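Heads up, the thing below is written out as structure tokens.
Numbering (the UniProt record's numbering), first residue to last: 1 to 341.
Given below as structure tokens:
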């Protein structure tokens with residue numbers, strides 16, 4: 001039995017990667033704003049400045065947006081490219097026609113940092129490969145998926161941006177189940193149409209062994225932590241974890257109990273419905289959660305709501321450290337996800 005060459009092993013090892021993840025429902029640009037809601041022309045510069053401030057100096061940042069109309073998406077990219085980093089780009093389509101019509105759930109990243117290897121949009125419905133509205137949903141809903149490879153480290157990640165229905169309880173639950181299937185398929189290097197997948201796949205990945213890629217999912221779930229969609233996402237055997245649960249609560253930043261604030265309407269109830277989830281590729285890799293926070297969407301002395309949602313942010317680190325090394329770390333550096341909770 002031959003002994004592996006340490007130099008050869010070192011040559012094939014991938015560098016550790018740190019990246020910042022942001023998910024933010026930016027509120028679609030409406031012609032009939034709610035009381036307390038300012039037009040997109042006023043919200044946009046402030047919202048984009050916040051995104052830029054939280055990504056400058058972090059070339060591996062990835063942003064998931066929800067509710068962005070095509071013109072809003074272009075506005076955000078233009079503003080980000082005006083902050084001395086002129087290589088932001090985006091992927092994703094409109095939910096109405098699979099092109100530009102309707103709200104987008106796009107993924108934004110920097111071309112100088114990432115290579116796009118694969119992308120696809122799925123509709124959260126019984127027919128996810130074609131534009132459609134599912135179950136009891138009020139509107140069409142989508143998940144934008146991409147595999148991106150980091151130029152510096154050579155590591156690839158799968159990113160999903162999504163927005164679940166605000167009306168259909170069945171739709172939210174079934175959408176979460178579909179998202180778990182999407183994450184499981186893409187984690188092992190698959191993709192393509194759902195109709196070609198194994199209908200009985202094990203979403204935990206335990207039956208297939210270690211998956212190839214970590215999966216990061218950001219979105220507006222319109223579901224509180226005790227709601228069916230969130231419970232599906234974090235159930236034992238789901239393979240997924242809420243990023244915030246991988247860090248001690250005293251280290252969270254901001255008001256983590258509220259991500260949907262409304263625009264101050266008295267008939268609206270603030271709630272925690274926006275989340276970042278992670279699926280780790282397997283026992284040979286580790287994902288370390290470094291930070292987690294919820295950003296302010298309004299300053300009292302300014303009065304302008306950036307959106308009716310707050311941005312959710314996390315910094316994570318991906319490495320090849322062994323589970324034994326990871327398990328020995330203090331709780332704040334706990335980073336190995338075993339697939340069940």
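Glycine is no exception: its CB is placed at the ideal position from the N, C-alpha and C atoms. No experiment lies behind these values; they were computed from the predicted model shown.
Linking residue 153 to residue 14 through their CA atoms gives a straight-line distance of about 6 angstroms. Checking the DSSP bridge columns, you'll see residue 91 partnered with 107. With contacts defined by Cβ atoms closer than 9 angstroms, residue 105 and residue 61 do not form a contacting pair. One alpha carbon belongs to residue 133, the other to residue 321, and they sit about 43 angstroms apart. By the beta-carbon neighbour count (other beta carbons within 10 angstroms, threshold 16), residue 126 is exposed. With a threshold of 16 other beta carbon atoms within 10 Å, residue 55 meets it and is buried. For residue 256, no beta strand (DSSP E) encloses it, and the DSSP letter there is neither H nor E. Annotation: the continuous alpha helix (DSSP H) that includes residue 183 extends over 169-187. The residues 38, 42, 43, 46 and 298, in chain order, have a CB closer than 8 angstroms to that of residue 304 in the same chain once the five nearest residues on each side in sequence are set aside. By the criterion of a C-beta distance shorter than 6 angstroms, residue 142 is surrounded in its chain by 95, 105, 121 and 123, once the five residues flanking it on both sides are discounted.
Short of 6 angstroms from the beta carbon of residue 176, and not among the five residues preceding or following it, lie these beta carbons of its own chain, in chain order: 229, 232 and 233. Per DSSP, the continuous alpha helix (DSSP H) segment holding residue 231 begins and ends at 228-234. Within the model, the alpha-carbon separation for residue 19 versus residue 113 is close to 10 angstroms. Excluding its 5 nearest sequence neighbours in each direction, residue 268 has C-beta neighbours in its own chain below 6 angstroms: 262, listed in chain order. Taking all protein chains in view, the Cβ of residue 253 is surrounded by fewer than 16 other Cβ atoms within 10 Å, so the residue is classified as exposed. Put simply, of 251, 266 and 224 the residue whose alpha carbon is nearest the alpha carbon of residue 257 is 224. Contact annotation: residue 163 and residue 103 have beta-carbon atoms nearer than 9 angstroms.
Per DSSP, the continuous alpha helix (DSSP H) segment holding residue 77 begins and ends at 70-81.
Within the same chain, and ignoring the five residues on either side of residue 195 in sequence, the residues whose Cβ sits closer than 8 angstroms to its Cβ are 129.
The Cβ atoms of residue 219 and residue 66 lie closer than 9 angstroms to each other.
DSSP places residue 319 inside the beta strand (DSSP E), whose first and last residues are 312-319. Taking C-beta atoms as the reference points, residue 101 and residue 136 fail to come closer than 9 angstroms.
Of the residues assessed, residue 287 falls on the buried side of the cut-off, its CB having 16 or more other CB atoms within 10 angstroms. Selection 29, 186, 88 and 31 evaluated against residue 58 yields 88 as nearest (Cα-Cα). Closest option to residue 31, judged by alpha-carbon separation, among 316, 40 and 165: 40.
Within the stretch 12-63, the complete alpha helix (DSSP H) runs of at least 4 residues fall at 40-53. For residue 117, the three-state secondary structure derived from DSSP is strand.
For residue 36, same chain residues with a beta-carbon under 6 angstroms away, outside a window of 5 residues either side, are 263 and 264 in chain order.
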